[in-house]
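The next block holds one structure in the form of structure tokens; read it before the comments.
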Amino acid sequence: MTLDRARARLEPPAAESIVPRRGRGTELILLVFAIGIATFAYINVDLGALGRVPPNALAYLGGLAVATGIAHVVIRIRAPYADPVILPIVVTLCGLGLAMIHRIDLAKDTTHATVQLTWMAVGVGLFVLVLIFVRDHRVLSRLPYLAGLAGLLLLVLPLLPLIGHSVRGARIWINIGGMTFQPGEAAKIILIIAFAAYLVQTRDALALAGRRILGVDLPRARDLGPILVVWLGALGILVVQNDLGPSVLLFGIFVLMIYVATERISWIILGLLLIVAGGLAANAVVSHVQDRVDFWLDPFIDPTGQIAQSLYGLAYGGLLGTGLGQGRPELTPISESDFIGSALGEELGLTGLIAIILLYALLASRGLRAGLLLRDPFGKLLAAGLAAGFLLQVFIVLGGVTKLIPLTGLTTPFLSLGGSSLVMNWVLVALLIRLSDAARRPVPPSSDSSPTAETAVTQVVRIR
Amino acid sequence: MNSPIRRISAGCLLLCVALLINVTYVQAFWADELNARSENRRVLLDEYSRERGPILLADDTPIAQSVPSDDEYQFLRQYPQGPMYAPLTGYYSYFYGRTALERAQNDILSGDDDRLFVRRLIDLVTGEEPRGGAVRLTIDPAAQQAAYEGLEGYKGAVVAIDVETGAILAAVSTPSYGPNAMASHSIEEQQATREALEADPDKPDLNRAFAQRLPPGSVFKLVTAAAALESGDFAADTEVPGPAEYDVPLSTNVLRNQNQQACADGTPTLTEALRVSCNTAFAYLGNEVGEDALREQAERFGFGTQPLTNDDMNAATSVFPSELDEALTSYASIGQYDVSATPLQMAMVSAAIANGGVLMEPYLVHSVRGPDLVSPIAQTEPEERTRAVSPETAEQLTEMMVDVVENGTGENAQIDGIQVAGKTGTAQTGREEDPPYAWFTSFAPADEPRVAVAVVIEEAPDTARDDIGGGRLAAPIARDVMEAVLGS
Chain A
764 MTLDRARARL EPPAAESIVP RRGRGTELIL LVFAIGIATF AYINVDLGAL
814 GRVPPNALAY LGGLAVATGI AHVVIRIRAP YADPVILPIV VTLCGLGLAM
864 IHRIDLAKDT THATVQLTWM AVGVGLFVLV LIFVRDHRVL SRLPYLAGLA
914 GLLLLVLPLL PLIGHSVRGA RIWINIGGMT FQPGEAAKII LIIAFAAYLV
964 QTRDALALAG RRILGVDLPR ARDLGPILVV WLGALGILVV QNDLGPSVLL
1014 FGIFVLMIYV ATERISWIIL GLLLIVAGGL AANAVVSHVQ DRVDFWLDPF
1064 IDPTGQIAQS LYGLAYGGLL GTGLGQGRPE LTPISESDFI GSALGEELGL
1114 TGLIAIILLY ALLASRGLRA GLLLRDPFGK LLAAGLAAGF LLQVFIVLGG
1164 VTKLIPLTGL TTPFLSLGGS SLVMNWVLVA LLIRLSDAAR RPVPPSSDSS
1214 PTAETAVTQV VRIR
Chain B
34 MNSPIRRISA GCLLLCVALL INVTYVQAFW ADELNARSEN RRVLLDEYSR
84 ERGPILLADD TPIAQSVPSD DEYQFLRQYP QGPMYAPLTG YYSYFYGRTA
134 LERAQNDILS GDDDRLFVRR LIDLVTGEEP RGGAVRLTID PAAQQAAYEG
184 LEGYKGAVVA IDVETGAILA AVSTPSYGPN AMASHSIEEQ QATREALEAD
234 PDKPDLNRAF AQRLPPGSVF KLVTAAAALE SGDFAADTEV PGPAEYDVPL
284 STNVLRNQNQ QACADGTPTL TEALRVSCNT AFAYLGNEVG EDALREQAER
334 FGFGTQPLTN DDMNAATSVF PSELDEALTS YASIGQYDVS ATPLQMAMVS
384 AAIANGGVLM EPYLVHSVRG PDLVSPIAQT EPEERTRAVS PETAEQLTEM
434 MVDVVENGTG ENAQIDGIQV AGKTGTAQTG REEDPPYAWF TSFAPADEPR
484 VAVAVVIEEA PDTARDDIGG GRLAAPIARD VMEAVLGS
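If you read the sequences in order, they're chains A and B. For the first sequence, my numbering puts the final residue at 1227, and the numbers step up evenly by one. For the second sequence, my numbering puts the final residue at 521, and the numbers step up evenly by one.
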């Protein structure tokens, strides 16, 4: 289907004469709901655990409203056509995460929530900066190799002596002046941008068919380079940094993006084969990976272990949950970060967890939708990579803590405690807002008649 | 590029659906099994955060109760009178689980019982902290106290039964243990206590009243006498052979009386034979009525079936052996060979005789109350178990047992102004080096029976071997318990 026909189907012919709905009013109403849910959850935690309304409830509500308000106003000015659902979903998730971190603070006598709130402010700040300085997403495609290099540099930063250090065996942290940060979180977004830019430039070559085996057009051997490089890179992260999550995620995103760019299913098959090969190799060599698989197959070989406790928590919550503040999420190890999904499942129940998964699905679907609507290949690729990568991360971490797949250490976007994750996810959302704004912005009437680079590229693909 | 994006969207949808199905499976379908796993601390902590209901005596004195505690568990289980009631209450330990009534009545005590459903619903609406219900026992504190004091220094047990209802008025087992240490919130203390209990050769955590079977010896002669009377061929004044020695049929063995002498010139009446506990006469009687009639009589008194099934106290089933020949029947008739009975069983024999031949179902739980400790939830209704003997047989047996206490081996059970019926027993353990077991089973008042008591003393460390005998050691304890019941 050509884009022109797709556009014709999506927009009625009289589109030019109608002022398109920007949705900013809808966004404001949804944001009020989101802040309401967040504040209610926060108050509920104290009511459930301590039987009193938290003394700083009003300050919390105010802080949340101000941060959200700033983000909303910036969208109104800088991205007026942006999808109105994205920001409210993010605020809801952040609010639930803050409430749960606060809840675990009460149980463990820590003060992580305050730190997380500070990071959220930083995240909103970066969100604003991205929207102000990236006025057109296409500027991001200018320096693919430099971006790729920067991403790789960020990835290996924790391996450096002095600033790099390990937490729970994974060497993915850097420590500068007492501040710890996971550069991998930033690397993820920069690498997605670099992938998108690189693939837009090279996709014609990658899409050229080599041999056809079993009805699948295999790529030419000489084009296999990039995927092998990323595959080896991902394995490298796994072995050197001892962290399964980011390597699986990064490679998965790359395979998805190469598939979107080339429209050739063979890349997915190839990617899956490489994942299986890498997984088997890692399982054989890296003890850390073997443990994860063992615990996945039988979580009760250590009843005090993470997965067993996570499952107990989920079971304890049942259909409706124990109620915020009334479960025992502190019994699950690292329930404030990797396992926050099971902590929420415990206190909000199956109902709450389903709602959270649906929020993630909705957020990803909005990103993918922007990808469908966007007119430039880089934007389409970037939107698809960010949104699908986001959902892949959610799947890997939530699937891990609920024993669907072996556990790999990843943060749950917007919910988990952790500054780097929270901040970089705000940046990711800023990019999605920027992309959705570009996607929904009405097309100038003149552009329909003149051939653009996009239509030309589409024709190349169709000719083949 | 739109069609791969659409396919990827579909893939994302699939991932979400997989997550949704999986969490639904875990939280909705797998949850019960996960919550039931023994090492699941959430469920334990939950249990401890609810106030567990008390176990009360007949006068509402608590023998197990929960008091608030300052640690991560919100309540501590306490047993105010500790060892005296430990065989009944059992213990409530988060590491070793629950035993005895703490186990059997757990649903009520924890508040999970369906009968408390409405109460839970009200608590949910009103925001009240949920609490467990109370279990009130049939135990008479005075009788329990008398039995416990009587057994002091001995290894043994006492059971007292209300003959008309079957309500158990006392159940004591010594040596006992301190259940408080098992309910401690310190896992080290629980472990140390449990290890000490397991290492103790006296098995203090064995409930000897309900779960320990021993050869009943001469107290079993009541069953043999009952079988003889029920056969219609014998009456209380029928003369039977009672020589010094009884030639065991099919065997070269000789069965002797305790004092190596003939009973009442060699031809005692049934009453006289019971009065002096004449072994040869009862061995003869047993073979006259036959193995089958003996077994049937024993079973009508409760042998061969488990008592206390309603209260689930792990009571043992008393045994009258199967497939006896005449030789073995001779020994079984006087409560030796493989005959074994619990103190509860021997109390049931006396209780049935006292109750005109009707054996009532013994029970421990008088009633169950709601968490307010007042509102009734359920009450145990006395229930007929079997007709053990005819009223005529019961009357004759009663007269014979009164004779035992007034003129025979049971003189130590006499109570001023009250007629007592009883039977002594001194059972060989089957091991030469071990002293015999001293038994006594009885009821009072004989003319209007209220309470039946069985006593067994397995070991009396400070007593000379020749002094061990049902009449000397066990009868005074039974007397004290009966006095305690009748006096209250």
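Note that beta-carbon positions come from the ideal geometry of N, C-alpha and C, so glycine has one too.
Here proline 404 of chain B is buried, its C-beta having at least 16 other C-beta atoms within 10 Å.
No Cβ of chain B is located within less than 8 Å of the beta carbon of leucine 1145 of chain A. By the CB criterion at 8 Å, alanine 910 of chain A and isoleucine 956 of chain A fall inside the cutoff. Residue state for alanine 203 of chain B is assigned as strand, using DSSP reduced to three classes.
Within chain B, the residues whose beta carbon sits less than 7 Å from that of arginine 1091 of chain A are Arg75 and Leu78, listed in sequence order.
Three or more Cβ pairs drawn from the region 365-382 of chain B and the region 328-337 of chain B lie within less than 8 Å of each other, which places the two stretches in contact. Residue contact check for asparagine 35 of chain B against chain A: a CB pair falls below 8 Å. Proline 212 of chain B is positioned such that its CB atom lies closer than 8 Å to that of glycine 123 of chain B. Each residue's CA atom was taken as its position, placing serine 251 of chain B and alanine 348 of chain B some 22 Å apart.
For chain B, none of the residues of the region 946-964 of chain A brings a beta carbon within less than 8 Å of one of its beta carbons.
Here leucine 430 of chain B is not near alanine 193 of chain B, since their CB atoms are 8 Å or more apart. Put simply, the backbone Cα of alanine 830 of chain A is about 7 Å away from that of alanine 884 of chain A. Here the alpha carbon of tyrosine 396 of chain B sits roughly 30 Å from the alpha carbon of aspartate 449 of chain B. Taking CB atoms only, isoleucine 220 of chain B has no neighbour in chain A less than 8 Å away. For phenylalanine 476 of chain B, no alpha helix (DSSP H) encloses it; the enclosing beta strand (DSSP E) starts and ends at 470-477. Secondary structure note for glutamate 432 of chain B: its alpha helix (DSSP H) is the uninterrupted segment 424-440. Between the region 42-51 of chain B and the region 1103-1110 of chain A there are fewer than three inter-stretch CB-CB distances shorter than 8 Å, so the stretches are not counted as touching. Nearest CB-CB separation between valine 56 of chain B and chain A: below the 8 Å threshold.
In this chain, the alpha helix (DSSP H) harbouring asparagine 1046 of chain A covers 1028-1048. Counted as a single uninterrupted DSSP element, the stretch harbouring proline 276 of chain B is not any alpha helix (DSSP H), since DSSP gives it neither H nor E. Sequence-distant partners of aspartate 345 of chain B (beyond 5 residues in either direction) whose C-beta falls short of 7 Å from its own C-beta, in its chain, are Ala137.
Among the residues of chain A, none has a CB under 9 Å from the CB of glutamate 162 of chain B; the nearest is roughly 11 Å distant. Listed in chain order, the beta strand (DSSP E) runs fully inside the region 149-198 of chain B are 167-170 and 188-195, counting runs of at least 3 residues. Spatial neighbours of leucine 1013 of chain A in its own chain (CB-CB distance under 8 Å, excluding positions within 5 residues in sequence) are listed in chain order as Lys951, Leu954, Val993, Gly996, Ala997 and Ile1000. Residues of the same chain with a CB within less than 6 Å of the CB of arginine 785 of chain A, apart from the 5 flanking positions on each side, are Pro843 and Tyr844 in chain order. A straight line joining the alpha-carbon of alanine 870 of chain A with that of glutamate 1093 of chain A spans about 6 Å. The beta carbon of aspartate 93 of chain B sits closer than 6 Å to none of the beta carbons in its chain outside the five residues before and after it. Residue A/Ala862 holds the alpha-carbon nearest to the alpha-carbon of tyrosine 805 of chain A among A/Leu1007, A/Ile1064, A/Ala876 and A/Ala862. Counting the other Cβ atoms within 10 Å of the Cβ of glutamate 491 of chain B gives 16 or more, which makes it buried.
Here the alpha carbon of glycine 1084 of chain A sits roughly 56 Å from the alpha carbon of methionine 515 of chain B. The residues Arg333, Phe334, Ala385, Gly390 and Leu392, in chain order, have a CB closer than 6 Å to that of alanine 421 of chain B in the same chain once the five nearest residues on each side in sequence are set aside.
The straight-line gap separating the alpha-carbon atoms of leucine 1145 of chain A and threonine 943 of chain A is approximately 28 Å. Interface criterion met: the Cβ of glycine 1162 of chain A is under 8 Å from a Cβ in chain B.
In this structure, the straight-line span from the alpha carbon of valine 1186 of chain A to that of tyrosine 823 of chain A is close to 19 Å.
At least one CB of chain A lies nearer than 8 Å to the CB of leucine 48 of chain B.
Residue range 417-420 is occupied by the beta strand (DSSP E) that includes glutamate 417 of chain B.
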